[in-house]
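*Asks:*
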Amino acid sequence: ANLAECVAEADLVIGAVLVPGAAAPKLVSRDMLGTMKRGAVLVDVAIDQGGCFETSHPTTHEKPTFLVDGIVHYCVANMPGAVARTSTYALNNVTLPHTLRLADAADSPGGWMDALRTDADLAAGLNVHAGKVTYQAVAEELGYAWTPVSDLLT
C-alpha cells in the first residue's frame with residue numbers, strides 16, 4: 200500500500216520525519232485529509248522542523264490540538280518538554296561524551312578543532328564557523344554558500 204492508502208485507513212498517523220538541518224517535507228496533503236475518517240488523529244512530531252503535514256501549525260502544551268476538516272491535529276512544538284525531567288536526563292546522557300571530548304581537547308594546541316579533526320561525530324555537528332556555513336542542508340535552506348567542515352579543519 201502507498202502512503203495515501205494508509206492515511207485513508209488510519210485512525211492515527213504519526214509523522215516523525217527528520218532531514219537534519221532542513222525543513223521536513225510535507226508528506227500528507229490537505230487533499231489526503233478528505234479521505235480520512237472524521238475524528239482521526241494526526242500527530243506531527245516533525246513540527247519543530249516545519250511539520251510534515253500540509254495542514255500542521257505549531258501548538259502548545261496548553262492548547263495542543265486543533266481540527267482541520269474533522270481531523271484532529273496534535274502539533275506541539277518541543278514535545279519532550281511535557282516530560283522535562285526525563286528528557287533532560289536523556290539529552291545529558293547522549294551529549295555528555297561529546298562535551299567531555301571537547302573539554303579534553305581544550306588543552307591541546309589546536310583546541311576544539313583538534314577534537315573535530317579526530318571525531319567525525321563532533322565534526323558533523325558543526326554548523327557555522329568563521330562566517331562560513333558548514334552544514335549543507337542549512338546552507339541550502341537559507342541560501343548561503345556551503346563550506347565543507349573538512350575545508351576548515353585542514
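Here the numbering used here = 1-based position in the sequence shown + 199.
C-beta: ideal position from N, C-alpha, C; glycine also.
Note that the structure is a prediction, hence the values are computed from the model and not measured.
#1: Give me the DSSP bridge partner(s) of Val363.
#2: Which residues bound the beta strand (DSSP E) around Leu211?
#3: For the region 267-278 against the region 291-308, do three or more pairs of beta-carbon atoms, one drawn from each stretch, fall closer than 8 Å, so that the two count as touching?
#4: To which residues does DSSP link Val293 through a beta bridge?
#5: Please report the distance separating the alpha-carbon of Thr150 from that of Val293.
#6: With three or more beta-carbon pairs closer than 8 Å as the criterion, would you say the region 216-226 touches the region 240-249?
#7: Could you give the DSSP three-state label for Val227: helix, strand or coil?
#8: Once the 5 residues before and after Ala329 are set aside, which same chain residues still bring their CB inside 8 Å of it?
#9: Secondary structure at Thr346, three-state DSSP: helix, strand or coil?
#10: Count the other C-beta atoms from every protein chain shown that fall within 10 angstroms of the C-beta of Leu232, then say buried if there are 16 or more, exposed otherwise.
#11: Would you report the Cα separation of Ala322 and Glu208, rounded to the nearest angstrom?
*Replies:* Looking at the coordinates:
#1: In the structure as shown, the chain begins at 200 and stops at 353. Residue 363 is therefore absent and cannot be evaluated.
#2: Translated into the one-based positions of the sequence shown, residue 211 becomes position 12. Per DSSP, Leu211 is one residue of the beta strand (DSSP E) stretching across 211-214.
#3: In this structure the region 267-278 does not lie against the region 291-308, because fewer than three pairs of beta carbons, one per stretch, are closer than 8 Å.
#4: Here residue 293 refers to the residue found at position 94 when the sequence shown is read from its first residue. In the DSSP output, where bridge partners are listed per residue, Val293 has none listed.
#5: Outside the shown range of the chain, which is 200 to 353, sits residue 150, and nothing can be said about it.
#6: Touching, per the Cβ criterion.
#7: Within the sequence shown, numbered from 1, the residue matching residue 227 stands at position 28. Note: Val227 maps to strand in three-state DSSP.
#8: Locating residue 329 in the sequence shown gives position 130, where the first residue counts as 1. Closer than 8 Å at the Cβ level, and outside the excluded window around Ala329, lie Leu351.
#9: Numbered from 1 along the sequence shown, position 147 holds the residue referred to as residue 346. It is coil, neither helix nor strand.
#10: Taking the sequence shown and counting its residues from 1, the one referred to as residue 232 is at position 33. Leu232 comes out buried.
#11: Locating residue 322 in the sequence shown gives position 123, where the first residue counts as 1. Locating residue 208 in the sequence shown gives position 9, where the first residue counts as 1. So the two alpha carbons sit approximately 43 Å from each other.
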